[in-house]
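Working notes, beginning with the structure itself.
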Amino acid sequence: GDSVTQMQGQVTLSEDDFLFINCTYSTTWYPTLFWYVQYPGEGPQLLLKVTTANNKGISRGFEATYDKGTTSFHLQKASVQESDSAVYYCVLGDLSSAGNKLTFGIGTRVLVRP
Amino acid sequence: ETAVFQTPNYHVTQVGNEVSFNCKQTLGHDTMYWYKQDSKKLLKIMFSYNNKQLIVNETVPRRFSPQSSDKAHLNLRIKSVEPEDSAVYLCASSARDWGPGAETLYFGSGTRLTVL
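Chains R and W, in that order, give the protein sequences.
Residue numbers for the first sequence follow the numbering used here, so the first one is 1 and each next one is one higher.
Residue numbers for the second sequence follow the numbering used here, so the first one is 1001 and each next one is one higher.
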């Protein structure tokens, strides 16, 4: 079945640091890949979405590139701000997922100190 | 801008009681979901409905039952709560349940349930 591996349970950074969150996936179908972000007290919200047709997503200074060879979808941002403190989820969906049942990674908590 | 509304925000109850959570979406979407988020922030799908029809029912205890009156509303009832039901319950919607690729989910802010 589908799976998502997201390492690094928590990452602590200072403002203007570089952020990198590792994500790899496994599926036998053509994937749709997402990064969702969850701020304290809120539900997850879409950060960016990539399909096989457009292998790179960019949003709010974040970017992620779908690499079919390494089955990876890492998230990065050149310079983080305190407002980027949140939980980030790598998410996999594909056409085999009846009812749009997405597979969520474990989430990476990012704490940015001022 | 919030378009998936959940009530209540918080609920504290005793073991064995019945609880109900409400969810409404104003996006005009066809598909709605319930997810459970545990204390470690792990997210797991419980149910999904498409146009009032149940299409996904994961392995959840029978005391959980979703209820949909129309495609904009999806409620969740827990008949006799247990301590392990303490979690955040997140409602979500998507335009449809199937497309050329997976559909984007739009989440509400969740209902935090504490079972004493």
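Backbone N, C-alpha and C define an ideal beta-carbon position, used for all residues, glycine too.
Distance cutoff 9 Å, beta carbons only. Does residue i sit that close to anything in chain W?
i, result
"residue 68 (chain R)", "no"
"residue 32 (chain R)", "yes"
"residue 114 (chain R)", "no"
"residue 21 (chain R)", "no"
"residue 118 (chain R)", "Given a span of 1 to 114 for chain R in the structure shown, any question on residue 118 (chain R) remains unanswerable."
"residue 109 (chain R)", "yes"
"residue 84 (chain R)", "no"
What residue from the options has the CA that sits closest to residue i's CA?
i, options, result
"residue 90 (chain R)", "R:84, R:58 and R:47", "R:47"
"residue 68 (chain R)", "R:35, R:81, R:24 and R:16", "R:24"
"residue 1110 (chain W)", "W:1031, W:1021 and W:1089", "W:1089"
"residue 71 (chain R)", "R:92, R:79, R:59 and R:61", "R:92"
"residue 1034 (chain W)", "W:1040, W:1115, W:1023 and W:1041", "W:1023"
"residue 1017 (chain W)", "W:1083, W:1096 and W:1095", "W:1083"
"residue 1053 (chain W)", "W:1105, W:1009, W:1074 and W:1007", "W:1074"
"residue 8 (chain R)", "R:14, R:15, R:49 and R:20", "R:20"
For a cutoff of 9 Å on Cβ pairs, would you count residue i as touching chain R?
i, result
"residue 1024 (chain W)", "no"
"residue 1064 (chain W)", "no"
"residue 1077 (chain W)", "no"
"residue 1108 (chain W)", "yes"
"residue 1044 (chain W)", "yes"
"residue 1085 (chain W)", "no"
"residue 1007 (chain W)", "no"
Is it the case that the Cβ atoms of residue i and residue j are separated by a distance below 9 Å?
i, j, result
"residue 1108 (chain W)", "residue 1087 (chain W)", "no"
"residue 31 (chain R)", "residue 94 (chain R)", "yes"
"residue 43 (chain R)", "residue 1019 (chain W)", "no"
"residue 100 (chain R)", "residue 1031 (chain W)", "yes"
"residue 1081 (chain W)", "residue 1014 (chain W)", "yes"
Would you tell me roughly how many angstroms separate the C-alpha atoms of residue i and residue j, rounded to the nearest one?
i, j, result
"residue 34 (chain R)", "residue 106 (chain R)", "14 Å"
"residue 58 (chain R)", "residue 64 (chain R)", "7 Å"
"residue 1068 (chain W)", "residue 78 (chain R)", "44 Å"
"residue 37 (chain R)", "residue 45 (chain R)", "5 Å"
"residue 1076 (chain W)", "residue 114 (chain R)", "40 Å"
Here's the rule: buried if 16 or more other CB atoms are within 10 angstroms of the residue's CB, otherwise exposed. What is residue i?
i, result
"residue 86 (chain R)", "buried"
"residue 75 (chain R)", "buried"
"residue 1050 (chain W)", "buried"
"residue 1114 (chain W)", "exposed"
"residue 1116 (chain W)", "exposed"
"residue 1102 (chain W)", "buried"
"residue 1027 (chain W)", "exposed"
"residue 40 (chain R)", "exposed"
"residue 1010 (chain W)", "exposed"
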